[in-house]
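Before any comments, here is the structure.
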Amino acid sequence: MTSRTHPWRRADGGDRLQGRIQHGDLVAFSAGVLAGGYVGEVGRTWPAGNRQGARGVAPLYRRWEHLWEKLIASCRPGARASELLVAYQAAGEPEPPMPVARGLGMGFDPPVVSKHLPSTAADERLEPGMVLAVTGYVWEEGIGAVFGREAVLITANGSEVLTASPFWQP
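Each residue of the sequence shown is one higher than the one before, counting from 1 in full-length UniProt numbering.
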């Protein structure tokens, strides 16, 4: 479950009843599969409890969707990988400590796009045929984080989201 008090940590219990998931908690997960030597991955966040979610959850998901629009627009052939970092700035969101994108293939492949490796991200170009795990992450104090990770194929004309798993809708 995501922390309501710190943007980059998972909830540790504290005031959350010994780490038990409660109504309104945002529960993030990431799952992967290995098939034929290739890796696939997806990440999602779902609110615990009723269908409506807790107060403030719907606007947080809208922020994630706004960020995702910027991220996917950056996934085009010839673009610098660092444009994925710029997408966070354009959406008004801080860059997360984890990579915002990395290559998928045989494992943890290049490019690795992280605020901690700005020169590397600036030097890398996205090419048709690359498959990336692209991560959107937004956080709000008192609410928690919405995390989503999609497998994205860079095509000759742009990009294609390969992930087909559902995302929570307010």
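Virtual Cβ for every residue (Gly too), placed ideally from N, Cα, C. Note that the structure is a prediction, hence the values are computed from the model and not measured.
**Asked** Would you report the Cα separation of Gly-43 and Pro-99, rounded to the nearest angstrom?
**Response** 13 angstroms
**Message:** So, under 8 angstroms CB-CB, Ala-28 and Thr-45 are touching, yes? Tell me the CB distance rounded to an integer number of Å.
**Reply:** 4 angstroms
**Message:** For Leu-153 and Ser-159, I'd like the C-alpha separation in whole angstroms.
**Reply:** 5 angstroms
**Item:** alpha helix (DSSP H) runs contained entirely in the UniProt domain "Peptidase M24" (19-156), provided each spans 4 or more residues
**Value:** 57-74, 83-90, 118-123
**Asked** Alpha carbon to alpha carbon, how far is Glu-124 from Lys-115?
**Response** 14 angstroms
**Prompt:** Are there three or more Cβ pairs, one per stretch, closer than 8 angstroms when the segment 30-40 is compared with the segment 86-98?
**Reply:** no
**Item:** Three-way DSSP call (helix, strand, coil) for Ser-159 in this model
**Value:** strand
**Request:** With a threshold of 16 other CB atoms inside 10 Å of the CB of Val-113, please say whether the residue is buried or exposed.
**Result:** buried
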